[in-house]
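J.:
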Amino acid sequence: MSFLAPLFFVALAGLAIPVLLHLTQKEKKEVVYFPSLMFVRKIPYQASRRRRIQHWFLLMLRLGALALIILAFARPLLTRPDAPVALGQGAREVVVLLDTSYSMGYGPRWAAATEAARGVVSRLGASDRASVVTFGSGTEILLRNTSEKSALNSAIASAKPGASATRYAPALKVAGSLLAESQLPRREVVLISDFQRSGWRGQEGTALPAGATLTPVPIQGTATQANLSVTAVSLQRSRFANQERVTVTAGITNRSESAVSNQPVTLEAGGLQVSSKTFSVDGGASTSVSFDPVTISGRNYKGTVRLGADALAADNAFHFVVSPSEPVRVTLVDRDSSATGLYLAQALAIGDSPKFESVTRQPENLSDDDLRRTSLVVLNDTPVSTPLARRLLKFVDQGGGMLVAAGARATWPRDVDLLPASIGNPVDRTRGEPARVGGVEYGHPVFETFRAPRSGDFLAVRVYGYRNLGPVIGAQVLARFDAGAPAVLERRVGAGRVLMWASTLDQTWTDLPIRPLFLPFIHRAATHLVAYVPSQPWSTVGQILDTSRAGAHKGQSVPTLVLTPSGTRLPVSGDGTEVIELAEQGFYELRGDANASSDVAVVASNVDPAEADLTPMDPGDVVAASTGESQSDAVQTAAAPQTPESRERSQRLWWYLLCLGAALLAAETFVSNRLKV
Amino acid sequence: MDPKVLARIGNLELVSKAVVDGFINGLHKAPYFGASVDFAEHRGYVPGDDIRRMDWRVWARTDRYYIKEYEAESNMNFNVLLDVSKSMDYGGKGIKKIDYARIIAACLTSLVSHQRDRVGMAAFDSDIVEYVPPSAKHMETVLHVLDRLKPGRPGSLKEPLHKLAEHYGRRGILVLISDFYEDPETVIEAVKPLRFRGNDIMVIHVLDKDELDFGFADASPFEDLETGEQVPVVPDSLRKEYRAMVQAHIAALTQSFSKVGVDYAMFDTSQPLDYVLFRYLSARSRRLRKR
Chain A
153 MSFLAPLFFV ALAGLAIPVL LHLTQKEKKE VVYFPSLMFV RKIPYQASRR RRIQHWFLLM
213 LRLGALALII LAFARPLLTR PDAPVALGQG AREVVVLLDT SYSMGYGPRW AAATEAARGV
273 VSRLGASDRA SVVTFGSGTE ILLRNTSEKS ALNSAIASAK PGASATRYAP ALKVAGSLLA
333 ESQLPRREVV LISDFQRSGW RGQEGTALPA GATLTPVPIQ GTATQANLSV TAVSLQRSRF
393 ANQERVTVTA GITNRSESAV SNQPVTLEAG GLQVSSKTFS VDGGASTSVS FDPVTISGRN
453 YKGTVRLGAD ALAADNAFHF VVSPSEPVRV TLVDRDSSAT GLYLAQALAI GDSPKFESVT
513 RQPENLSDDD LRRTSLVVLN DTPVSTPLAR RLLKFVDQGG GMLVAAGARA TWPRDVDLLP
573 ASIGNPVDRT RGEPARVGGV EYGHPVFETF RAPRSGDFLA VRVYGYRNLG PVIGAQVLAR
633 FDAGAPAVLE RRVGAGRVLM WASTLDQTWT DLPIRPLFLP FIHRAATHLV AYVPSQPWST
693 VGQILDTSRA GAHKGQSVPT LVLTPSGTRL PVSGDGTEVI ELAEQGFYEL RGDANASSDV
753 AVVASNVDPA EADLTPMDPG DVVAASTGES QSDAVQTAAA PQTPESRERS QRLWWYLLCL
813 GAALLAAETF VSNRLKV
Chain X
621 MDPKVLARIG NLELVSKAVV DGFINGLHKA PYFGASVDFA EHRGYVPGDD IRRMDWRVWA
681 RTDRYYIKEY EAESNMNFNV LLDVSKSMDY GGKGIKKIDY ARIIAACLTS LVSHQRDRVG
741 MAAFDSDIVE YVPPSAKHME TVLHVLDRLK PGRPGSLKEP LHKLAEHYGR RGILVLISDF
801 YEDPETVIEA VKPLRFRGND IMVIHVLDKD ELDFGFADAS PFEDLETGEQ VPVVPDSLRK
861 EYRAMVQAHI AALTQSFSKV GVDYAMFDTS QPLDYVLFRY LSARSRRLRK R
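Residue numbers (the numbering used here), protein chains in the order written: chain A, 153 to 829; chain X, 621 to 911.
(1) For K301/A, is the beta carbon positioned less than 8 Å from some heavy atom of the ligand GTP?
(2) Using alpha carbons as the reference points, say which of T367/A, P668/A, L366/A lies closest to I671/X.
(3) Quick one: is E585/A near chain X, going by C-beta distance under 9 Å?
(4) Which value, in whole angstroms, describes the spacing of the CA atoms of G328/A and S381/A?
(5) Rounded to the nearest angstrom, how far is the Cβ of S845/A from that of A317/A, given a contact under 8 Å?
(6) On the criterion of 16 or more Cβ atoms from any shown chain inside 10 Å, does I221/A qualify as buried, or is it exposed?
(7) Does any residue of chain X bring its CB to less than 9 Å from the CB of E820/A?
(8) Examine the Cβ distances between the segment 753-768 of chain A and the segment 447-458 of chain A and report whether three or more of them are shorter than 8 Å.
(9) Given this structure, state the Cα-to-Cα distance separating D719/X from R863/X, to the nearest angstrom.
(10) Quick one: complete beta strand (DSSP E) runs, 3+ long, within the segment 500-546 of chain A?
(11) Under 9 Å Cβ-Cβ, which residues of chain X neighbour L671/A?
(12) So within the segment 608-677 of chain A, which uninterrupted alpha helix (DSSP H) runs reach at least 4 residues, ignoring any that extend past its ends?
(13) State yes or no: is the C-beta of T729/X within less than 9 Å of the C-beta of L766/X?
(14) So the candidates are A557/A, A558/A, R543/A; which of them puts its Cα closest to the Cα of G551/A?
(15) Roughly how far, in whole angstroms, is the beta-carbon of M759/X from the beta-carbon of V795/X, given that I think they are within contact range, below 8 Å?
(16) Tell me which same chain residues have a C-beta within less than 8 Å of the C-beta of P479/A, skipping the five on either side of it?
(17) Under 9 Å between C-beta atoms, does V369/A make it to chain X?
(18) Give the C-beta separation of S350/A and Q377/A to the nearest angstrom, bearing in mind that I take them to be a contact with Cβ-Cβ under 8 Å.
(19) Could you run through the segment 886-898 of chain X and flag, in chain order, every residue whose CB is less than 9 Å away from some CB of chain A?
(20) For I308/A, return the contacting residues in chain X, with the cut-off set at a CB-CB distance below 8 Å.
(21) Can you check the segment 388-434 of chain A for any beta strand (DSSP E) of at least 3 residues that lies completely inside it and give the ranges in chain order?
(22) Taking I502/A as the query, report the chain X residues whose CB atoms sit under 9 Å from its CB, ordered along the chain.
(23) For F698/X, is the classification buried or exposed, using 16 other Cβ atoms within 10 angstroms of its Cβ as the cut-off for buried?
(24) Assuming S413/A contacts S432/A under a Cβ cut-off of 8 Å, what Cβ separation, rounded to an integer in Å, is found between them?
(25) At a Cβ cut of 9 Å, what residues of the segment 754-787 of chain X count as close to chain A, listed as they run along the chain?
(26) Hey, does E693/X have any beta-carbon neighbour from chain A nearer than 9 Å?
(27) Mapping DSSP to helix, strand and coil, what is F161/A?
(28) Express the C-alpha separation of W208/A and L218/A in angstroms, rounding to a whole number.
(29) In chain order, what residues of the segment 805-822 of chain X put their CB closer than 8 Å to some CB of chain A?
(30) Tell me, please, which residues DSSP counts as bridged to Q348/A.
(31) Taking all protein chains shown into account, decide if R202/A is buried (16 or more other Cβ within 10 angstroms of its Cβ) or exposed.
(32) Got a sec, what are the start and stop residues for the beta strand (DSSP E) M822/X sits in?
(33) May I have the straight-line CA-CA distance separating K301/A from A885/X, to the nearest angstrom?
(34) Rounding to the nearest angstrom, what Cα-Cα distance links G314/A and G780/A in this structure?
(35) Quick check on the DSSP output: the alpha helix (DSSP H) that includes F209/A runs from which residue to which?
(36) For D580/A, which residues from the same chain have a beta carbon less than 6 Å from its beta carbon, with the 5 sequence-adjacent residues on both sides left out?
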């Protein structure tokens, strides 16, 4: 062993520094100004004696760390026979990124892309390695780090355009991680794509490792072939002869520059073609086509708007699912049905999304059949007997919602634990100032809509009387009266919820029913209590399908199987907690039982219409963002021939010594902190 | 951004711009307290809707009533309540707490002012020291007042905050920045009137690293910045207990604020400001979505 810089050993004299520090450090008596002595105990002031070395282990650690660092700077060199070093340009690590977004299906683009990929493979040297990665909105590594050209060609042949949109950033990140793992001297990414502008958003974090190059292979050609796409549909519901119908209007965009005329567009409903129209549209323009109304014959009614064949087939079909609108059934339990429930019934009668269908029952007439058919029970200032309370507990526990208005007549049996609060004595505020509602939890779904200014102010509501409510454990107070008493409370019980308002829902005790916020308050409360979620007629490829949302309708089973548009069966856990990424275009059918023919739910999946816009970008933008160089500068840097100096650099003993020294310093920090030195 | 570097710049407008720009670039889609002026969609009119939000152009074209819905309403009142008691004038090895709080206040004000919301501020110790009423044109006034604030007197929370509650009758966002050297019960009592008026309150607890770690080495007399009281202290023997008491204080504040629905976060002055803003506002955004 020899040393390249032995003069650094002079620094060994510095080893004396820690010892001197230990022995000479003296106590200080300057006043320390501190923000507050709130936590500082009064402790008798103790003078410390002149310090002695108490922690020999710590001292040894410090000395050892310094010695190792000095040794590292002296550059020890182990003399041994040189290992053979490869000369010339060195082996390459190549990552082939192949765009499989659906726009690659335009005309002959896919054939050109696979040909370009095979060309890259054919140019690989004997010691080169390559990976094949396909990408759309996500990425998939088909083959990793191999020099077998036949396997690489097979991987390229197995790829095909999917239904997703183009996103370059995830693909470049995967390529970067593959290159970062490689030990080969030359690293290169070959990006084969149609370079659509819509796929690039100038994302940060796409930088490739230092020294890596990016070679873009644009597959664009001429985009003069006709390309029409269905970008969206609008569904207008109506009723005719006691049946619900939907009028479908399709938005169609001509992505090519030349005008088209008398093109056919068809509407398929329930698997059958029900209507056909023709349309004309100029180049680069859009139009809309309305079809005759179609009767919605059942739940999960599948519809498709389909164009004739053109150069890009994937965007020619647009799928959607409609179901007959199902009103939310509300049962108003009221002793005096004619007057007190008027405001409530009127408020529920307004609106279509969702539509509420209310019936009024007196407490003694509320049957089990009523509870089976209803989603929400409103106890409007009503005394409740113990048997009825027990039935309501069972109803809520199974997922029902309940709204309780605690007026002067409201009672609840003590032995049934369902309400968010016990009902106390009435409070009369008819003299002096009426009570006001404040402290509202605007983050709660019921009050969220009133969060913004001028969206309804509960402070304006006058309350002349209310019941003192004593919240139970597990209840959440959503609003309070000015005296601090709870005004609105919520409690979850089993699968259902109970919401309680401490006053009336008519004008007996409050002017709430004649305030503008009464209607939205009742609607928000009702939709929240029945967990109403408006249905989406379609989703986009790449979105997540939450199977727990399916089967949310009352009486439906939980899906255990998902049938994809290509016919693949994906089992999901019985509790419906799994999520599935929509990867195909078409209808995903969620089934409760593998043998059952009826679907729990159907989700229509469409391609991202933005991908149909084939406007190209400058590939140099991607190169510049990924490598920090313009495309013209992205020349491959040849590995420099190794010199005696570089061979010396490969002897990295000094590096290990430095790391060991740093590790000892870290250990010293840890130990000294533990010892409070 | 390193708070020490920002403190050396000295120009609050420049500092807040530097931090806010960095924060927005890092966040891509800033939470902005859930507010924006973005148009979301039309929906059919139902009785009870504010007719001022009706889209008359659509009515003229279709003969149907439609309401314009926005992601959220703008023009929210945003006020910073800044503690300028003498204890805030402490900075161990880095930036002083008052400067750190000043920059946070300036950044949040700048962030909100970009949305054209009304901004205002109040500074207090044992009484109200400065008060700038909220206005869409008060951004520069707030920065100017923040810039020349100097801690001088001992502080308390209850009296000034109760007085300020009278000023903030209209619902808005209040950001309270202090070192909270008071019992948690007293702090909550001080904040309650602000909360009851419907204000959305964010509480930022600012402490120096020394106050959290008590990393002093030598036995010395310690002097309280507010009271001037001196206590001889041997830090080695006190450190463990001191840290436990501070952590218990923070835990009690966290729990108490959570109970009354107030967002609370503690930051030490060594943390980068854009990171602090990102972490706090995104956590707050997540919590708002969960509610």
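A virtual CB, placed ideally from N, CA and C, is assigned to each residue, including glycine.
This one's a predicted model, so the numbers in the text were calculated from it and none came from an experiment.
T.: Reading from the atomic positions:
(1) Annotation note on the ligand GTP: not contained in the displayed structure, which lists no ligands.
(2) Position 51 of the second sequence holds residue 671/X. Ranking the options by Cα distance to I671/X, first place goes to P668/A.
(3) Residue numbering aside, residue 585/A sits at position 433 when the first sequence is read from its first letter. With 9 Å as the cut-off, E585/A does not count as an interface residue toward chain X.
(4) Position 176 of the first sequence holds residue 328/A. Position 229 of the first sequence holds residue 381/A. Straight-line Cα distance between these residues: approximately 35 Å.
(5) With chain A covering 153 to 829 only, the question about residue 845/A has no answer from this structure.
(6) Reading the first sequence from its first residue, position 69 is the one you call residue 221/A. I221/A should be labelled buried.
(7) To locate residue 820/A, count along the first sequence from 1; it is residue 668. Closer than 9 Å: no.
(8) yes
(9) Against the second sequence, residue 719/X aligns to sequence position 99. Against the second sequence, residue 863/X aligns to sequence position 243. Distance between the alpha carbons of D719/X and R863/X: 24 Å.
(10) 508-513, 528-532
(11) As a position in the first sequence, residue 671/A is number 519, starting the count at 1. Those within 9 Å of L671/A in chain X are V666, P667, G668, D669.
(12) none
(13) The residue given as residue 729/X occupies position 109 in the second sequence. The residue given as residue 766/X occupies position 146 in the second sequence. Yes, the Cβ-Cβ distance between T729/X and L766/X is below 9 Å.
(14) As a position in the first sequence, residue 551/A is number 399, starting the count at 1. It is R543/A whose Cα lies nearest to the Cα of G551/A.
(15) Residue numbering aside, residue 759/X sits at position 139 when the second sequence is read from its first letter. Residue numbering aside, residue 795/X sits at position 175 when the second sequence is read from its first letter. Contact doesn't hold; Cβ gap of about 15 Å is too wide.
(16) Position 327 of the first sequence, counted from the start, is the residue given in the question as residue 479/A. The residues are P506, K507, F508, E509.
(17) Along the first sequence, one-based indexing puts residue 369/A at 217. With 9 Å as the cut-off, V369/A does not count as an interface residue toward chain X.
(18) In the first sequence, counting from the first residue as 1, residue 350/A sits at position 198. In the first sequence, counting from the first residue as 1, residue 377/A sits at position 225. About 19 Å; that fails the 8 Å criterion.
(19) none
(20) Counting from one through the first sequence, the residue named residue 308/A turns up at place 156. Per Cβ cutoff of 8 Å: no residues; I308/A is ~35 Å from chain X at best.
(21) 395-406, 412-421, 424-433
(22) The residue given as residue 502/A occupies position 350 in the first sequence. V666, P667, G668, listed in chain order.
(23) Within the second sequence, the letter at position 78 stands for residue 698/X. Burial call: buried.
(24) One-based indexing of the first sequence puts residue 413/A at position 261. One-based indexing of the first sequence puts residue 432/A at position 280. Rounded, the Cβ-Cβ distance is 4 Å, consistent with contact.
(25) none
(26) Within the second sequence, residue 693/X is the residue found at index 73, counting from 1. In this prediction, E693/X scores a pLDDT of 46, lower than 50, which makes its location untrustworthy; the coordinate-derived value is nonetheless stated afterwards. Yes, contact with chain A.
(27) Here the question's residue 161/A lines up with position 9 in the first sequence. Looking at F161/A - three-state DSSP - the assignment turns out to be helix.
(28) By 1-based counting over the first sequence, the position of residue 218/A is 66. By 1-based counting over the first sequence, the position of residue 208/A is 56. Computed Cα separation, rounded: 15 Å.
(29) R815, F816, R817, G818, D820
(30) The sequence position of residue 348/A within the first sequence is 196, counting from 1. Answer by DSSP bridge pairing, in chain order: P768/A.
(31) What you label residue 202/A is simply residue 50 of the first sequence in a count that begins at 1. Here the model assigns R202/A a pLDDT of 45, short of 50, so the residue's position is not dependable and the matter cannot be decided.
(32) The count along the second sequence starts at 1 and reaches residue 822/X at position 202. Element bounds for M822/X: 820-827.
(33) Residue 301/A sits at position 149 when you count from the first residue of the first sequence. Residue 885/X sits at position 265 when you count from the first residue of the second sequence. In a straight line, the C-alpha of K301/A is about 57 Å away from that of A885/X.
(34) Taking the first sequence and counting its residues from 1, one reaches residue 314/A at position 162. Taking the first sequence and counting its residues from 1, one reaches residue 780/A at position 628. For G314/A and G780/A, the distance between alpha carbons rounds to 31 Å.
(35) Within the first sequence, the letter at position 57 stands for residue 209/A. From DSSP, the alpha helix (DSSP H) with F209/A extends over 208-225.
(36) One-based indexing of the first sequence puts residue 580/A at position 428. These residues qualify, in order along the chain: G617.
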